[in-house]
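Asker:
Residue numbers (my numbering), protein chains in the order written: chain E, 104 to 253; chain G, -1 to 125.
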């Protein structure tokens, strides 16, 4: 009985590998990307690419296990959700008002340590933000938001 | 004569101070919070959304007493979010509605808040 159950689970896992993985596509950096704005300091650029861009841009670096279902379903849903909330690849397409809101959200989330999400950090330890990363990011966001309205 | 000058000086200083402390005018944009809007804020919102609030989450999202000193970008964002939250019916919270039914804004008051917040945000963003 136990063996049958295990075999069943194994068969199911093999079968779902043939289903669509549901991973949003990745692309190279476009002209509307935030990083194309040449006022972004290099320390901020590295924080953003290291800790944010996997979910909040079209430049997702999928690890190998993301290709394995059912992990792929989970990762795909996360990335899709992240891009929907804020997609730095489409930054220049946002209105001034949306940019102000996005940067305000960013400051709140970072200050409240809600980002990056725990599930992501579990397998991306290098993406964890240090206290000084958070301070740098918040003060940059504040200045950058102001510069949009000058 | 010198008494007159010092009196004049004191008066001018007092006027300047009073104007700058007038919290219903944003010092960076000159945007004024109309009295009727301020009254709804006081009735329904500042209990949680103010500097003195004990509700950390609410305070972190919005402190209405800072509307007067916010930079343009922050003001635009907060006004836009105020309009969205009220429109979605997310604010005031369910708990607040249950505990203080008399403080819940009327439909008309909600509309006033949404219209004012949204139009002011658009005006500031030039959109």
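Just so you know, even glycine gets a beta-carbon here, dropped at the ideal spot from N, CA and C.
Which chain E residues are close to residue 125 (chain G), counting only those with a beta carbon under 7 Å from its beta carbon?
Answerer: Here residue 125 (chain G) refers to the residue found at position 127 when the second chain is read from its first residue. The contacting residues are 198, 199 and 200.
Asker: Can you name, in chain order, every residue of its own chain whose Cβ lies under 8 Å from the Cβ of residue 95 (chain G), other than the five neighbours on each side?
Answerer: For the purposes of this step, residue 95 (chain G) is identified with residue 97 of the second chain, where counting begins at 1. Same-chain partners within the cutoff: 102.
Asker: Flag residue 75 (chain E) as yes if its beta-carbon sits less than 8 Å from any beta-carbon of chain G, otherwise no.
Answerer: Nothing about residue 75 (chain E) can be reported from this structure: the residues present for chain E run from 104 to 253 only.
Asker: If you reduce the DSSP assignment to three classes, tell me which class residue 23 (chain G) lands in.
Answerer: Translated into the one-based positions of the second chain, residue 23 (chain G) becomes position 25. Residue state, collapsed to three classes: strand.
Asker: Compare the C-beta of residue 49 (chain G) against all C-beta atoms of chain E and say whether one is closer than 8 Å.
Answerer: The residue given as residue 49 (chain G) occupies position 51 in the second chain. False, the Cβ-Cβ gap to chain E never drops below 8 Å.
Asker: Does the beta-carbon distance from residue 179 (chain E) to residue 158 (chain E) come in below 8 Å?
Answerer: Residue mapping note: residue 179 (chain E) aligns to position 76 of the first chain, counting from 1. Residue mapping note: residue 158 (chain E) aligns to position 55 of the first chain, counting from 1. No, the Cβ-Cβ distance between residue 179 (chain E) and residue 158 (chain E) is not below 8 Å.
Asker: Report buried or exposed for residue 66 (chain G), applying the criterion of at least 16 other Cβ atoms within 10 angstroms of its Cβ.
Answerer: Along the second chain, read from residue 1 onward, the residue named residue 66 (chain G) stands at position 68. By the neighbour-count rule (16 or more Cβ atoms within 10 Å), residue 66 (chain G) is buried.
Asker: Which same chain residues, not among the five before or five after residue 191 (chain E), have their C-beta less than 8 Å away from its C-beta?
Answerer: In the first chain, counting from the first residue as 1, residue 191 (chain E) sits at position 88. Taken in chain order, the residues that qualify are 136, 137, 138, 151, 155, 156, 159 and 160.
Asker: Please name the residue or residues paired with residue 30 (chain G) in a DSSP beta bridge.
Answerer: Walking along the second chain from the start, residue 30 (chain G) turns up at place 32. Residue 30 (chain G) pairs with G:23.
Asker: Rounded to whole angstroms, what is the Cα-Cα separation between residue 112 (chain E) and residue 119 (chain E)?
Answerer: Counted from its first residue, the first chain places residue 112 (chain E) at position 9. Counted from its first residue, the first chain places residue 119 (chain E) at position 16. Between residue 112 (chain E) and residue 119 (chain E), the C-alpha separation is close to 11 Å.
Asker: Show which residues of chain E have a CB atom less than 7 Å away from the CB atom of residue 75 (chain G).
Answerer: By 1-based counting over the second chain, the position of residue 75 (chain G) is 77. Within chain E, the residues near residue 75 (chain G) are 203, 204 and 207.
Asker: Only counting the same chain, and skipping five residues up and downstream in sequence, which positions put a Cβ closer than 7 Å to that of residue 30 (chain G)?
Answerer: In the second chain, residue 30 (chain G) corresponds to position 32, counting from 1. Hits under 7 Å: 22 and 23.
Asker: Are the beta-carbon atoms of residue 249 (chain E) and residue 69 (chain G) separated by less than 8 Å?
Answerer: Residue mapping note: residue 249 (chain E) aligns to position 146 of the first chain, counting from 1. Residue mapping note: residue 69 (chain G) aligns to position 71 of the second chain, counting from 1. Yes, the pair counts as a contact, with Cβ atoms nearer than the cut-off.
Asker: Helix, strand or coil, according to DSSP, for residue 164 (chain E) in the structure here?
Answerer: Start at 1 with the first residue of the first chain, and residue 164 (chain E) comes out as number 61. The answer is coil: DSSP assigns residue 164 (chain E) none of H, G, I, E or B.
Asker: Mind pulling the chain E residues with CB within less than 8 Å of residue 89 (chain G)?
Answerer: In the second chain, counting from the first residue as 1, residue 89 (chain G) sits at position 91. Going along chain E, no residue has its Cβ under 8 Å from residue 89 (chain G), so there is no contact; the nearest lies around 16 Å.
Asker: Cutting at 8 Å between CB atoms, please list the residues of its own chain near residue 48 (chain G), excluding the five before and the five after it.
Answerer: The residue you call residue 48 (chain G) lines up with position 50 of the second chain. Closer than 8 Å at Cβ, skipping near neighbours: 57, 61, 62 and 63.
Asker: How would you label residue 175 (chain E), buried or exposed, when you count the other beta carbons within 10 angstroms and need 16 or more for buried?
Answerer: In the first chain, the residue the question calls residue 175 (chain E) occupies position 72. Buried, because 16 or more other Cβ atoms sit within 10 Å of the Cβ of residue 175 (chain E).
Asker: Measuring alpha carbon to alpha carbon, tell me which residue in G:77, G:45, G:90 and G:3 is nearest residue 113 (chain G).
Answerer: If you number the second chain from 1, residue 113 (chain G) lands on position 115. Closest by alpha carbon: G:77.
Asker: Evaluate residue 88 (chain G) with the Cβ neighbour count: other Cβ atoms within 10 Å of its Cβ, from every protein chain shown; 16 or more gives buried, anything less gives exposed.
Answerer: For the purposes of this step, residue 88 (chain G) is identified with residue 90 of the second chain, where counting begins at 1. Flag for residue 88 (chain G) reads exposed.
Asker: Nearest chain E C-beta to residue 119 (chain G) closer than 8 Å, yes or no?
Answerer: Along the second chain, read from residue 1 onward, the residue named residue 119 (chain G) stands at position 121. At least one chain E Cβ lies under 8 Å of residue 119 (chain G).
Asker: Determine, using beta carbons only, whether residue 176 (chain E) comes closer than 8 Å to chain G.
Answerer: Start at 1 with the first residue of the first chain, and residue 176 (chain E) comes out as number 73. Chain G, which has no Cβ nearer than 8 Å to the Cβ of residue 176 (chain E), makes this no.
Asker: Within this structure, are the beta carbons of residue 203 (chain E) and residue 8 (chain G) separated by less than 8 Å?
Answerer: Against the first chain, residue 203 (chain E) aligns to sequence position 100. Against the second chain, residue 8 (chain G) aligns to sequence position 10. Contact flag unset, no.
Asker: Could you spell out the range, first to last residue, of the alpha helix (DSSP H) harbouring residue 79 (chain G)?
Answerer: The count along the second chain starts at 1 and reaches residue 79 (chain G) at position 81. 70 to 86 is the extent of the alpha helix (DSSP H) around residue 79 (chain G).
Asker: Just to confirm, is the Cβ distance from residue 124 (chain G) to residue 199 (chain E) under 8 Å?
Answerer: Taking the second chain and counting its residues from 1, the one referred to as residue 124 (chain G) is at position 126. Taking the first chain and counting its residues from 1, the one referred to as residue 199 (chain E) is at position 96. It is a contact, given that the beta carbons lie within the stated cut-off.
Asker: Can a CB atom of chain G be found closer than 8 Å to the CB of residue 252 (chain E)?
Answerer: Residue mapping note: residue 252 (chain E) aligns to position 149 of the first chain, counting from 1. Yes, because at least one Cβ of chain G sits closer than 8 Å to the Cβ of residue 252 (chain E).
Asker: Output needed for residue 117 (chain G): all residues of its chain with C-beta closer than 7 Å, excluding positions within five of it in sequence on either side, in chain order.
Answerer: Position 119 of the second chain, counting from 1, holds the residue named residue 117 (chain G). Contacts found: none.
Asker: Please confirm if residue 52 (chain G) has its CB atom under 8 Å from at least one CB of chain E.
Answerer: The residue given as residue 52 (chain G) occupies position 54 in the second chain. Judged by the 8 Å Cβ criterion, residue 52 (chain G) is not in contact with chain E.
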